[in-house]
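Below is one structure, written out as structure tokens; comments come after it.
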Amino acid sequence: MQQSITNLKDFISQRIKLSGWLYSKREKGKLIFLQFRDGTGIIQVVVFKDNVTQEIFDRCKKITRESSCVIEGKVREEKRAPEGVEIDLDSIEILHLNSEDFPIQIQDVVPEVNFLMEQRHLWLRSRKQVALLRVRSQLIYAIRTFFQKRNFVCVDSPILTPAACEGTTTLFKVDYFDDEAFLSQSGQLYIEAACMALGKVYCFGPTFRAEKSKTRKHLTEFWMIEPEISFITFDKLLDFIQDYIEEIVQTTYSNCVPELKILERDLSKLDQIKRPFPIISYKEAVEIIKKNGEQIQYGEDFGAPQEEALVKEFNKPVFVTRYPSNIKAFYMKPDPADNNLALCVDVIAPEGFGELIGGSQRIDDYDLLKQRILDHKLPLDSFKWYLDLRKYGSASHGGFGMGLERTLSWISGIKHVRECIPFPRLLYRIYP
RNA sequence: UCCUCGGUAGCUCAAUGGUAGAGCAGCGGGCUGUUAACCCGUUGGUUGGAGGUUCGAGCCCUCCCCGAGGAGCCA
914 MQQSITNLKD
924 FISQRIKLSG
934 WLYSKREKGK
944 LIFLQFRDGT
954 GIIQVVVFKD
964 NVTQEIFDRC
974 KKITRESSCV
984 IEGKVREEKR
994 APEGVEIDLD
1004 SIEILHLNSE
1014 DFPIQIQDVV
1024 PEVNFLMEQR
1034 HLWLRSRKQV
1044 ALLRVRSQLI
1054 YAIRTFFQKR
1064 NFVCVDSPIL
1074 TPAACEGTTT
1084 LFKVDYFDDE
1094 AFLSQSGQLY
1104 IEAACMALGK
1114 VYCFGPTFRA
1124 EKSKTRKHLT
1134 EFWMIEPEIS
1144 FITFDKLLDF
1154 IQDYIEEIVQ
1164 TTYSNCVPEL
1174 KILERDLSKL
1184 DQIKRPFPII
1194 SYKEAVEIIK
1204 KNGEQIQYGE
1214 DFGAPQEEAL
1224 VKEFNKPVFV
1234 TRYPSNIKAF
1244 YMKPDPADNN
1254 LALCVDVIAP
1264 EGFGELIGGS
1274 QRIDDYDLLK
1284 QRILDHKLPL
1294 DSFKWYLDLR
1304 KYGSASHGGF
1314 GMGLERTLSW
1324 ISGIKHVREC
1334 IPFPRLLYRI
1344 YP
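Okay, here's the thing in structure tokens:
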């Protein structure tokens, strides 16, 4: 078995060797306490002068924060240690002694965000950031497993695209030889094509939005999961999304309890994230927003204050369905019961973490889709291939898109999405 | 793009228009149980930049730069 800090309890009374970095140090005369981290956790290493050679003791005295080293010692149960386990050091080899102080110190005051963001490459080593990236990894695993178990095929959509799927003002433009291209802001149109080939598909990749948004819910580069399912009805889609949310949250939660505790997440909030979820119509949502004292007219989209007024009614994600078609995307299928409404759903997270999911039944009629493209003044040429999907074996289908970082932000209780991605790209920030 | 707030030591912050300071970090010393250790000593400054007002500007004025929070838009 590989020895690491996470499984030290299996090595009690044994001599072990670990490679890692010095997290912090407390000197107390003939006794030195080293907080040592190896990427899997942090453990206290005890160095007593009379038990080691002078040379080893001197190395422990001079080692600085975040210097890399290899330690050897004996694992011992210790009630006074936070982890319940400690290492009595026999020897230490310093691999790289930092000649300059590590810029980020451990202190009670929280440094300014700008400072931490400039040091993002080093900030990643801190306890909370390590925990958060582990939760991110587990969330991705839970999502992929969810689809794999249900026989979905992962189909990657292109990142370089010839045209917008919804307008061009929020797209990043790049040179494409003698032409121009745009970074993808959604893989949806492409996986609609894939779902007509493979039945049940999803894509999971980076998405780019050149929106000049400057809020805790926005990144210019983020990761999105977009499943697309052929022959599905709208009600079945809502059912599917409920299964999806419950499973990815509960799986991530159960795999990440220690990390979520480090992040000080209120776990009782996550206990509640189980079916059934509240499903309300746009019309009902408007009533709730008005009741809670926020201004809104029927027919308007929700802004941030409206979203908040709605969400405080629920302690689970709320599904808002059937928005007026004219405030939604061109490809959404009209509700047969009321042509002015779209068969769409937005899933809004509790506790103010914002919109997690946007989904819909797609238009499967050729003529209607063509008309919508024209109505939205989109270039018909660019959508020829997309219209072809309604020309050859058209079928009812639907899907949704979910922002990974917003979902992680909600699950882990981290207020700002910039911490939920290793190297965030934001308006005015592309370093490091 | 708009609105609001901010920029002083490595970090967090003080400083009535009148000698730029503290805590932490660092460095030197002390301590056999520290948990954000403690005690003694100590290094450290182009006050974001450029102009201006003034006998005198970190502080007042103008412009610029950078950042934060939010709005619209969105996941």
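Heads up: the first sequence begins at 914 in the working numbering, then just goes up one per residue. Just so you know, even glycine gets a beta-carbon here, dropped at the ideal spot from N, CA and C.
Anyone know if the C-beta pair for residue i and residue j falls short of 8 Å?
| i | j | result |
| --- | --- | --- |
| A1198 | V1233 | yes |
| V1066 | L1002 | no |
| W934 | S980 | yes |
| T1165 | L1052 | yes |
| D1277 | S1238 | no |
| V1048 | E1134 | no |
| L1269 | V1260 | yes |
| F1266 | K1229 | no |
| S1143 | G1100 | no |
| L921 | V988 | yes |
| V1258 | L1151 | yes |
| G1326 | F1147 | no |
| F1015 | R978 | yes |
| R1342 | M1030 | yes |
| R1122 | T1074 | no |
| G954 | I925 | no |
| G986 | I1007 | no |
| L1132 | P1337 | yes |
| I1201 | E1177 | no |
| I976 | L944 | no |
| I1017 | S1039 | yes |
Hey, quick one: how far does the alpha helix (DSSP H) through residue i stretch, first residue to last?
| i | result |
| --- | --- |
| K1283 | 1279-1288 |
| M1109 | 1101-1111 |
| E1197 | 1195-1204 |
| A1055 | 1040-1062 |
| L1029 | 1026-1031 |
| V983 | Premise fails: V983 lies in the beta strand (DSSP E), 981-990, not in any alpha helix (DSSP H). |
| D1301 | 1297-1301 |
| V1224 | 1217-1224 |
From the options, pick the residue whose C-alpha is nearest to that of residue i; which is it?
| i | options | result |
| --- | --- | --- |
| Q1185 | E1160, P1171, E1177 | E1160 |
| A1094 | Q1101, I1072, A1107, L1180 | I1072 |
| Y936 | F1144, G952, R993 | G952 |
| S1097 | C1116, F1090, G1112 | C1116 |
| I1175 | E996, S932, G1272, I976 | E996 |
| L1287 | D1248, S1325, K1127, Y1244 | Y1244 |
| E1105 | E940, Q1284, L1300 | L1300 |
| S932 | I984, V1170, K1204 | I984 |
| E1141 | G1306, R1275, E991 | R1275 |
| K930 | I956, Q1219, R939, V1043 | I956 |
| V1224 | A1242, K1241, K1203, S1126 | K1203 |
| H1289 | N1011, A1242, E1124, P1249 | A1242 |
| F1296 | F1090, Q967, L1102, L1046 | L1102 |
| S1004 | H1034, R972, I1017 | R972 |
| E1139 | S1012, M1315, K941, C1333 | M1315 |
| S1126 | R1331, D1021, P1335 | R1331 |
| R1063 | Q927, Q967, D1156 | D1156 |
Within 10 Å of its beta-carbon, does residue i have 16 or more other beta-carbons around it, so buried, or fewer, so exposed?
| i | result |
| --- | --- |
| F949 | buried |
| S1167 | exposed |
| F961 | exposed |
| P1345 | exposed |
| Y1211 | exposed |
| F1059 | buried |
| G1271 | buried |
| R993 | exposed |
| L1282 | buried |
| W1136 | buried |
| S1070 | buried |
| F1313 | buried |
| R1303 | buried |
I need the boundaries of the beta strand (DSSP E) containing residue i, first residue and last residue.
| i | result |
| --- | --- |
| C973 | Counting along the chain, C973 falls outside any beta strand (DSSP E), though it belongs to the alpha helix (DSSP H) covering 967-975. |
| M1315 | 1310-1316 |
| A1262 | Neither: A1262 is in no beta strand (DSSP E) and is coded neither H nor E. |
| D1184 | Element bounds for D1184: not the beta strand (DSSP E) but the alpha helix (DSSP H), 1180-1184. |
| E1134 | 1134-1143 |
| I1327 | Taken as a continuous stretch (DSSP letters only), I1327 belongs to no beta strand (DSSP E), as it is neither H nor E. |
| E940 | 928-941 |
| Q957 | 955-961 |
| A865 | Past the boundaries of the shown model lies residue 865; the chain is included only from 914 to 1345, so the question cannot be answered. |
| Y1089 | 1086-1089 |
| S1273 | 1268-1274 |
Can you give, in chain order, each stretch of the alpha helix (DSSP H) that sits fully within the segment 1146-1177 and has at least 4 residues?
As for any alpha helix (DSSP H) of minimum length 4 sitting wholly inside the segment 1146-1177, the runs are 1147-1168, 1170-1175, ordered along the chain.
Runs of beta strand (DSSP E) lying entirely within the segment 1229-1255, each at least 3 residues, in chain order:
Within the segment 1229-1255, the complete beta strand (DSSP E) runs of at least 3 residues are 1231-1234, 1251-1255.
Complete runs of the beta strand (DSSP E) confined to the segment 996-1027 [at least 3 residues]:
With a minimum length of 3 residues, the unbroken runs of beta strand (DSSP E) contained wholly in the segment 996-1027 fall at 998-1009.
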